[in-house]
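In the working numbering, the protein residues as written are 5 to 181.
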């Protein structure tokens, strides 16, 4: 039994790390654990807030982005955006939160992909249809004008009518002399 105790002590003394090495590893572990906590305290810049606010619209004014409006409601919303970003939320999560609370009127385009596609494509399709209709109308007007000019040319004066009027004119001139 003494031999075993002696062997255990000898094995433990050979395997035990030096105290400075343990302290160094412990310090390194504490520093690595503190990095995420330090990263969360980085303040959100105005540019980051405005990047999100640019994608939202004022609840009071019509068609004015949140980053350009100075109403009290917009100032409050920008403060709320800052608070959510500082809490670690992504810009997409902030926008989704505003849409869920205030409806799709706070974003410029609908969030539903089908409605978004329709709202972006429809004006272009209507403009294309209007151009085709206008082009067709102008083309038809031009063809009607050309057809009217070629269909009814002025009839040439007949030589007989011309001779009659000349003779009458000469007779009137002779009578005046």
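Ideal Cβ positions, reconstructed from N, Cα and C, are used throughout, including at glycine.
Note that this is a predicted model, so its numbers are computed, not measured.
{"query": "For residue 48, three-class secondary structure by DSSP", "result": "coil"}
{"query": "The segment 43–62 / the segment 93–113 touching (three or more Cβ pairs under 8 Å)", "result": "yes"}
{"query": "Residue 64 (DSSP reduced to helix, strand or coil)", "result": "coil"}
{"query": "C-alpha distance - residue 136 paired with residue 61, whole-angstrom precision", "result": "35 Å"}
{"query": "Residues that residue 95 bridges to, as DSSP identifies them", "result": "None; residue 95 has no bridge partner."}
{"query": "Opening and closing residue of the alpha helix (DSSP H) in which residue 84 lies", "result": "76–90"}
{"query": "Sufficient close CB pairs (3 or more, under 8 Å) joining the segment 119–138 to the segment 74–85", "result": "no"}
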